[in-house]
Amino acid sequence: MLRHYKEIFYGLIFGLGAACIDTFVDARTEHKAFWDFGPGMLLYRGLFILFGFLVGWLLWRNNQSEREFRSLIAAIQKLQSDFGPPTVIIHAQAQLLLTKPDAPLPPEIEVIVRSIHEQSLKLQAALKDSTALLTHAKPRVGRIPNQISG
Numbered sequence: 000m001l002r003h004y005k006e007i008f009y010g011l012i013f014g015l016g017a018a019c020i021d022t023f024v025d026a027r028t029e030h031k032a033f034w035d036f037g038p039g040m041l042l043y044r045g046l047f048i049l050f051g052f053l054v055g056w057l058l059w060r061n062n063q064s065e066r067e068f069r070s071l072i073a074a075i076q077k078l079q080s081d082f083g084p085p086t087v088i089i090h091a092q093a094q095l096l097l098t099k100p101d102a103p104l105p106p107e108i109e110v111i112v113r114s115i116h117e118q119s120l121k122l123q124a125a126l127k128d129s130t131a132l133l134t135h136a137k138p139r140v141g142r143i144p145n146q147i148s149g
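Residue numbers (numbering that gives the first Met the number 0): 0 to 149.
As structure tokens, then:
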């Protein structure tokens, strides 16, 4: 729980520290004990804690989208690691079956194996595209020719 709401916790610590510093400075200037203050000052110092909580909550809300993005990246990486190697193996085995010269496949089986081969290519392309998204690589759409007007 502390890991998820750490910004709020840090804000509360900041507010509590500010309230303690104010109490210490007030006690030193008025020559009183550290814990000797009235209910009005308790409410005033409670505002420090409330301010710290508010700052922490605002930071937590600001960082929430970053946490969600990290979670999405972790899910995509898990998907890649789970499906990447089996897809390559299926593709290689289907290609081996299709290109085997000494034992040709019956036509109905060849159609099925060719379909498996094509689907494995689509899966590999999808996994490659998700890798490009993770590395922030921009796909090359094409070259834009330079136009020089003279």
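We put the beta carbon where it would ideally sit given N, CA and C, even for glycine.
Query: Residues near Q79 in its chain [Cβ-Cβ closer than 7 Å; skip 5 each side]; Result: L126, S129 and T130
Query: L8 in three-state terms, based on DSSP; Result: The amino acid at residue 8 is misidentified as Leu; the sequence shows Phe. Reduced to three states, the DSSP call for F8 is helix.
Query: Contact check, I7 vs G55, beta carbons under 9 Å; Result: yes
Query: Alpha carbon of L71 to alpha carbon of T28, nearest angstrom; Result: 54 Å
Query: L176 versus R66: straight-line alpha-carbon distance, rounded; Result: Since the first and last residues shown for the chain are 0 and 149, residue 176 lies out of range.
Query: Helix, strand or coil at H3 according to DSSP, with G and I counted as helix; Result: coil
Query: Beta-carbon gap between F83 and F47 smaller than 9 Å; Result: Inspection of the sequence shows that residue 83 is occupied by Gly rather than by Phe. Result no, Cβ atoms of G83 and F47 do not sit closer than 9 Å.
Query: Range of the contiguous alpha helix (DSSP H) that encloses F52; Result: P38 to T98
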